[in-house]
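Each remark here refers to the structure printed beneath this line.
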Amino acid sequence: MKIRTLMVAAVALMALGIGGMQARAAEKDIVDTAVAAGQFKTLASAIQAAGLVDTLKGDGPFTVFAPTDEAFAKLPAGTVENLLKPENKEQLVAILTYHVVPGKVEAAEVVTMDEAKTVNGKMVDIKVKGDTAMVNDAKVTKTDIAASNGVIHVIDTVIMPPKS
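Residue numbering for the sequence shown is -25 to -1, 1 to 139, as defined by mature numbering (1 follows the signal peptide of the UniProt record, and there is no 0).
What follows is the structure, given as structure tokens:
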């Protein structure tokens, strides 16, 4: 009986510890959460080059459809390097803000939408087929990564805003 009580207490303490870790993770803003994930190095560099760090560290809330490093690698050779040049800052800002929707829109709500207006002012299409959610041509691979000022949904392709 004593061993069983100790095991139950240990499991309860571990559960509390895990819950505490999740709560601490949500204390990080969108930028710090993305950087800590390790798979958004290119996105983090682009956010910095575009001068959007302070904005995305702001109160928000924001919903970010975050392309991974692999998503950026799918772009034609030289595209990322070209976009990171100071003279292309306006284009970079337009692309990055096309990945951000104002407000905190979690997956359960995203899948009920057909489209969403981005911070860039342009619309993204949202489609759900079976277990797969798509934002334009990008597949959503992970959802609801909590941040203190919003939520991140991981996508496998960089989405480009339509030309005006």
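Beta carbons are placed, not taken as given, at the ideal position from N, Cα and C, and that holds for glycine.
*C-alpha distance - Ala69 paired with Pro137, whole-angstrom precision*: Counted from its first residue, the sequence shown places residue 69 at position 94. Counted from its first residue, the sequence shown places residue 137 at position 162. If I take the Cα positions, the gap works out to 10 Å.
*Going straight from the alpha carbon of Asp34 to that of Asn124, what length do you get?*
Position 59 of the sequence shown, counting from 1, holds the residue named residue 34. Position 149 of the sequence shown, counting from 1, holds the residue named residue 124. Distance between the alpha carbons of Asp34 and Asn124 is about 6 Å.
*Looking at C-alpha atoms only, which residue of Gly78, Ile120, Ala113, Met88 is the closest neighbour of Lys3?*
In the sequence shown, the residue the question calls residue 3 occupies position 28. The shortest C-alpha separation from Lys3 is found at Ile120.
*Roughly how many whole angstroms lie between the Cα atoms of Glu45 and Asp131?*
As a working note, residue 45 is residue 70 in the sequence shown. As a working note, residue 131 is residue 156 in the sequence shown. If I take the Cα positions, the gap works out to 7 Å.
*Kindly indicate which residue of Thr17, Asn95, Glu90, Ala122 has the alpha-carbon position closest to the one of Met109.*
Working through the sequence shown from its first residue, we reach residue 109 at position 134. That would be Glu90, whose Cα lies nearest to the Cα of Met109.
*Between Gln14 and Lys114, what straight-line distance do the alpha-carbon atoms span, to the nearest angstrom?*
Taking the sequence shown and counting its residues from 1, the one referred to as residue 14 is at position 39. Taking the sequence shown and counting its residues from 1, the one referred to as residue 114 is at position 139. If you take the alpha carbons of Gln14 and Lys114, they lie about 16 Å apart.
*Would you identify the three-state DSSP class for Val86, choosing helix, strand or coil?*
The count along the sequence shown starts at 1 and reaches residue 86 at position 111. Reduced to three states, the DSSP call for Val86 is coil.
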